[in-house]
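Visitor: Using the numbering used here, the letters of the sequence shown map in sequence onto residues 1496 to 1683.
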Amino acid sequence: MTHFYGGLTLTSMADHFDDFDQGTVFGLTLYSYLSAIACVAGAAGVLKNNVKKLQFFNVYYWVDLALHTAFSVASAVLLFTLHTEICNEVIQDDSLEIDMNTCEAIYIQSAWVITAAMLVNMLLKLHFAFAIHAYTMRVRQEQQQDDEDRTIVIEYTPVPAMVNDEKLPVVYVAGKEFVPDDKKQQQA
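(1) Looking at the structure shown, is VAL1668 part of a helix, part of a strand, or coil, going by DSSP?
(2) When the Cβ atoms of the stretch 1599-1606 are set against those of the stretch 1561-1580, are three or more pairs found closer than 8 angstroms?
(3) Below 6 angstroms CB to CB, which residues in the same chain sit around ILE1581 once its five sequence neighbours on both sides are set aside?
(4) Who are PHE1673's beta bridge partners in DSSP?
(5) Starting from ILE1586, trace the alpha helix (DSSP H) both ways and give me its first and last residue.
(6) Assign THR1524 to one of two classes, buried (16 or more other C-beta atoms within 10 Å of its C-beta) or exposed (fewer than that).
(7) Helix, strand or coil: how does DSSP classify GLU1592 here?
(8) Does ALA1606 pass the burial test, meaning 16 or more other C-beta atoms within 10 Å, or should it be called exposed?
(9) Helix, strand or coil: how does DSSP classify ASN1553 here?
(10) Just checking, does the stretch 1541-1560 make contact with the stretch 1583-1601 on the three C-beta pairs under 8 angstroms criterion?
(11) Going by beta carbon distance, what residues of the same chain come within less than 8 angstroms of LYS1548, once the five residues before and after it are set aside?
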């Protein structure tokens, strides 16, 4: 529901982002709506043991994990490369009495805390991705076993051929007894 709410919020606020890239706002809005649809499909898949919906959510979650990991790595790199520029901005503010070394020390410690939090978040998301994948595989296997159990086997028992004990009248052709081809095969 939070993804859907995020999409609604971005949709309603899209006009207020005049200076911001409209393509980015559109992309984030679309991503929020698609995430909401995937989450609803995943919940429905769990409630109804629907493998297709679970597989859809599983794929979404792995893609989401990859996007969040890329964003976290990029954020961590930016955090550690921008410390001088940010501290120069902070030092120029006259209301704060802080020197460059103190600012950079505080900034680097804060960057490490933020990076550690992002790492823990990614490890938890990775754990959940494996759990979702394992659950999807288990439901798929259970359904395959149910399908195999429901297989109807029809056994075929051949019925012996009927033997006709009645003697047919003997036919003579050119002075010899005529034996049809099918009788010759049975006698052989």
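Virtual Cβ for every residue (Gly too), placed ideally from N, Cα, C.
Guide: Let me lay it out:
(1) Looking up residue 1668 in the sequence shown gives position 173. Strand, per DSSP.
(2) yes
(3) Here residue 1581 refers to the residue found at position 86 of the sequence shown. Once the five neighbours on either side are set aside, ILE1581 has no close Cβ partner at all.
(4) What you label residue 1673 is simply residue 178 of the sequence shown in a count that begins at 1. PHE1673 is bridged to VAL1666.
(5) In the sequence shown, residue 1586 corresponds to position 91, counting from 1. Segment 1578-1587, the alpha helix (DSSP H) holding ILE1586.
(6) For the purposes of this step, residue 1524 is identified with residue 29 of the sequence shown, where counting begins at 1. When all chains shown are included, THR1524 counts as buried.
(7) Position 97 of the sequence shown, counting from 1, holds the residue named residue 1592. Reduced to three states, the DSSP call for GLU1592 is coil.
(8) Against the sequence shown, residue 1606 aligns to sequence position 111. ALA1606 comes out buried.
(9) Residue numbering aside, residue 1553 sits at position 58 when the sequence shown is read from its first letter. Note: ASN1553 maps to helix in three-state DSSP.
(10) no
(11) To locate residue 1548, count along the sequence shown from 1; it is residue 53. Taken in chain order, the residues that qualify are ALA1536, GLY1537, ALA1539, GLY1540.
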